[in-house]
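Note that the numbering used here has the sequence shown beginning at 11, numbered continuously upward.
Input: a single structure, listed below in structure tokens.
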Amino acid sequence: MITRPREITDNATPSGTSLAVELLVRLAELLNDPAARQRANYVAETLAPSMARYPTAFGHLLGSADMLINGAIEVAIIGEPGAPDFVALDRTVAECYVPSLVLAGGSPNNAAGIALLADRTARDGRATAYVCRNYSCDAPVTDPVDLAPQLDAACAG
Numbered sequence: 011m012i013t014r015p016r017e018i019t020d021n022a023t024p025s026g027t028s029l030a031v032e033l034l035v036r037l038a039e040l041l042n043d044p045a046a047r048q049r050a051n052y053v054a055e056t057l058a059p060s061m062a063r064y065p066t067a068f069g070h071l072l073g074s075a076d077m078l079i080n081g082a083i084e085v086a087i088i089g090e091p092g093a094p095d096f097v098a099l100d101r102t103v104a105e106c107y108v109p110s111l112v113l114a115g116g117s118p119n120n121a122a123g124i125a126l127l128a129d130r131t132a133r134d135g136r137a138t139a140y141v142c143r144n145y146s147c148d149a150p151v152t153d154p155v156d157l158a159p160q161l162d163a164a165c166a167g
């Protein structure tokens with residue numbers, strides 16, 4: 011064989027191609043990595059004619075293409091993982107269906123290398139959530155009751 015065959019269509023499980031594109035898009039959002047975004051965009055563009063002609067064969071890849079086109083909803087939670095306030099914010103995010111979610115969480119001391127967590131601080135010593143699009147964030151919140159409407163608004167807009 012001159013080339014190694016690859017499956018590009020999604021079946022009962024996503025294809026390796028669509029999973030790779032999804033991973034690249036999520037890493038690009040999490041790390042603010044233009045090279046990863048460019049590679050994901052290249053693969054999606056090469057498959058765009060097939061996706062347009064046979065959309066039911068590319069269900070998972072279409073979700074990644076949507077994230078490439080419209081951007082992700084980024085949520086950063088700053089605080090001590092495992093602390094009750096951190097867990098409450100994390101649970102609120104998990105309860106909302108956000109198809110293009112990129113979530114990062116951790117303590118402010120361990121945010122090195124994760125662009126989504128950079129320059130974010132916990133407010134008043136409590137875990138704090140930031141809901142962002144393209145690294146432009148809504149007002150930081152510490153209460154899960156305030157976080158849910160921000161997530162709903164980010165999904166709607």
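The beta-carbon is built from N, C-alpha and C at its ideal position, and this holds for glycine as well.
A quick note: this is a predicted structure, and the numbers were derived from the prediction, not measured.
What are the partner residues of residue i, as DSSP defines its beta bridges?
{"i": "Arg-133", "result": "Arg-136"}
{"i": "Arg-185", "result": "In this structure the chain extends from 11 to 167, so residue 185 is not present and cannot be described."}
{"i": "Leu-111", "result": "Ile-83"}
{"i": "Val-151", "result": "Ala-139"}
{"i": "Gly-116", "result": "Ile-88"}
Determine the burial state of residue i: buried for a count of at least 16 other Cβ atoms within 10 Å of its Cβ, exposed for fewer.
{"i": "Val-155", "result": "exposed"}
{"i": "Glu-17", "result": "exposed"}
{"i": "Leu-111", "result": "buried"}
{"i": "Ala-95", "result": "Note on identity: in this sequence residue 95 is Asp, with Ala being the wrong assignment. It is buried - the Cβ of Asp-95 has at least 16 other Cβ atoms within 10 Å."}
{"i": "Gly-26", "result": "exposed"}
{"i": "Arg-130", "result": "buried"}
{"i": "Thr-13", "result": "exposed"}
{"i": "Ala-114", "result": "buried"}
{"i": "Ser-146", "result": "exposed"}
What does the alpha-carbon distance come out to for the pair residue i and residue j?
{"i": "Arg-101", "j": "Ala-67", "result": "33 Å"}
{"i": "Pro-24", "j": "Asp-134", "result": "43 Å"}
{"i": "Gly-123", "j": "Ala-86", "result": "14 Å"}
{"i": "Gln-48", "j": "Asn-144", "result": "16 Å"}
{"i": "Ala-125", "j": "Ala-93", "result": "23 Å"}
{"i": "Tyr-140", "j": "Ala-30", "result": "27 Å"}
{"i": "Arg-63", "j": "Asn-21", "result": "16 Å"}
{"i": "Leu-78", "j": "Val-35", "result": "7 Å"}
{"i": "His-70", "j": "Leu-33", "result": "12 Å"}
{"i": "Val-103", "j": "Pro-109", "result": "12 Å"}
{"i": "Gly-116", "j": "Leu-127", "result": "8 Å"}
I think residue i touches residue j, with their Cβ atoms under 8 Å apart; what is that distance to the nearest whole Å?
{"i": "Ala-98", "j": "Pro-118", "result": "Not really, about 18 Å apart at Cβ, beyond 8 Å."}
{"i": "Glu-84", "j": "Cys-142", "result": "4 Å"}
{"i": "Ala-158", "j": "Cys-106", "result": "6 Å"}
Could you check if residue i belongs to the surroundings of the ligand PLP, using beta carbon to heavy atom distance under 7 Å?
{"i": "Pro-15", "result": "The ligand PLP is not among the ligands present in this structure, which contains no ligands whatsoever."}
Worksheet item: Touch check for the segment 36-54 and the segment 73-81: three-plus C-beta pairs under 8 Å?
Response: Counting Cβ pairs under 8 Å, three or more are found: they touch.
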